[in-house]
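To start, the structure itself, in structure tokens.
Residue numbers (my numbering): -15 to 289.
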């Protein structure tokens, strides 16, 4: 991966980390009566100091490619990271995937307790919408409302949460899911939030209708590629490298394209998606400004954790 891409990825992560540190401060904001310290400790534990910040990078880099590089996209990226962190906290709970390890350390419910983890996830979810609704994210109220509505859709019953429900149902299904059903499940559970990240950057960057459509396609393809890469890592990686339990998909009969297509078939599909993502960037007519988005597709496919 080229040095410029890595530098931009690191810079975006640092900017979002600083924004999250501020938003999740222990001190109450004006108008807030109090912030329970243990709750904030759990929220910060789940959110700060880890992860690739890929979703955040997609917001910031898409907006940058369209000419916007102020604090607005960084704030939107922080909101998405809050919502993503909430989803991981709840996904790791015993009632869901029952995981003990996340990003190389104990999951939130292990580091604290189940009740605190649930509350931390709840608070992170609502924090995401508070950040997006703040005029500091964008001066245009219509833009802020559209971002909130789109994130709610991407995260709710027709998006991430609905995908998780389909994923849980697949574990006990009498017959394996078809490739079409798996693709739908993954587009909802994982892809919806990644797609929204690109769409949020496009909206904040003032994309034309044609560019916005092409970038939305790019976001959807990146979401599909990310999940296949994740499933390949689960099948072939090890717990120490991944920072989370490896091999759990097969053990729980998860519906994945690796299971449906085999390792080689999944790798071919992943390569096709990378090519499709690059073509979508070209269709958005961003010129050289879109090179980092193309590099992101390669990064997603080649990642080791």
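Just so you know, even glycine gets a beta-carbon here, dropped at the ideal spot from N, CA and C.
Alpha-carbon spacing of residue i relative to residue j, whole angstroms
| i | j | result |
| --- | --- | --- |
| residue 269 | residue 111 | 34 Å |
| residue 158 | residue 46 | 42 Å |
| residue 39 | residue 160 | 30 Å |
| residue 266 | residue 19 | 46 Å |
| residue 167 | residue 60 | 27 Å |
| residue 63 | residue 121 | 10 Å |
| residue 252 | residue 6 | 42 Å |
| residue 136 | residue 245 | 32 Å |
| residue 279 | residue 257 | 13 Å |
| residue 248 | residue 14 | 55 Å |
| residue 16 | residue 23 | 15 Å |
| residue 151 | residue 125 | 36 Å |
| residue 145 | residue 155 | 16 Å |
| residue 58 | residue 104 | 22 Å |
| residue -5 | residue 240 | 33 Å |
| residue 293 | residue 80 | Absent from the model: residue 293. The displayed extent of the chain is -15 to 289, so no value can be given. |
| residue 53 | residue 149 | 37 Å |
| residue 210 | residue 140 | 20 Å |
| residue 287 | residue 9 | 32 Å |
| residue 50 | residue 275 | 12 Å |
| residue 82 | residue 90 | 12 Å |
| residue 289 | residue 132 | 30 Å |
| residue 42 | residue 27 | 23 Å |
| residue 284 | residue 87 | 17 Å |
| residue 313 | residue 114 | The structure shown does not extend to residue 313, since the chain is modelled only from -15 through 289, so no value can be given for it. |
| residue 153 | residue 130 | 31 Å |
| residue -14 | residue -8 | 10 Å |
| residue 4 | residue 12 | 14 Å |
| residue 273 | residue -10 | 15 Å |
| residue 259 | residue 194 | 20 Å |
| residue 277 | residue 238 | 30 Å |
| residue 44 | residue -12 | 15 Å |
| residue 48 | residue 35 | 22 Å |
| residue 21 | residue 134 | 31 Å |
Cβ shell of residue i (< 7 Å), same chain only, five flanking positions each side left out
| i | result |
| --- | --- |
| residue 242 | 215, 216, 219, 250 |
| residue 29 | 92, 95 |
| residue 69 | 30, 31, 108 |
| residue 56 | 121, 122, 188 |
| residue 1 | 32 |
| residue 37 | -4, -3, 0, 65 |
| residue 106 | none |
| residue 71 | 144 |
Sequence-distant residues of the same chain with beta carbon closer than 6 Å to residue i, five excluded per side
| i | result |
| --- | --- |
| residue 66 | 108, 111, 112 |
| residue 261 | 202, 205, 206, 281 |
| residue 176 | 138, 143, 144 |
| residue 196 | 186 |
| residue 101 | 73, 92, 93 |
| residue 147 | 169, 172, 173 |
| residue 327 | Residue numbering for the chain in the displayed model covers -15 to 289; residue 327 lies beyond these limits and cannot be assessed. |
Neighbourhood of residue i by C-beta, 8 Å cutoff - its chain only, sequence neighbours within 5 removed
| i | result |
| --- | --- |
| residue 294 | Because the chain in this structure spans residues -15 to 289, residue 294 falls outside the shown range and cannot be described. |
| residue 128 | 116, 117, 118, 119, 121, 122 |
| residue 264 | 198, 199, 201, 202, 205 |
| residue 163 | 241, 244, 245 |
Whole-angstrom C-beta distance between residue j and residue i, which should lie under 8 Å
| i | j | result |
| --- | --- | --- |
| residue 98 | residue 77 | 6 Å |
| residue 208 | residue 171 | 7 Å |
| residue 213 | residue 254 | 6 Å |
Contact test: residue i Cβ vs the ligand MG heavy atom, cutoff 7 Å
| i | result |
| --- | --- |
| residue 181 | The ligand MG is absent from the structure shown, which contains no ligand whatsoever. |
Problem set entry | Whole alpha helix (DSSP H) elements within the region 61 to 136, 4-residue minimum | The qualifying runs are 92 to 95, 98 to 117.
Exercise. Along the chain, which unbroken stretches of the alpha helix (DSSP H) at least 4 residues long are found entirely within the region 128 to 211?
Worked result: As summarised for the region 128 to 211, the continuous alpha helix (DSSP H) elements at least 4 residues long and confined to that stretch are 144 to 155, 163 to 170, 176 to 188, given in chain order.
Exercise. For the region 15 to 70, which segments carrying the beta strand (DSSP E) assignment without a break, of at least 3 residues, lie completely within its bounds, in sequence order?
Worked result: Counting only runs of at least 3 residues, the region 15 to 70 fully encloses no beta strand (DSSP E) element at all.
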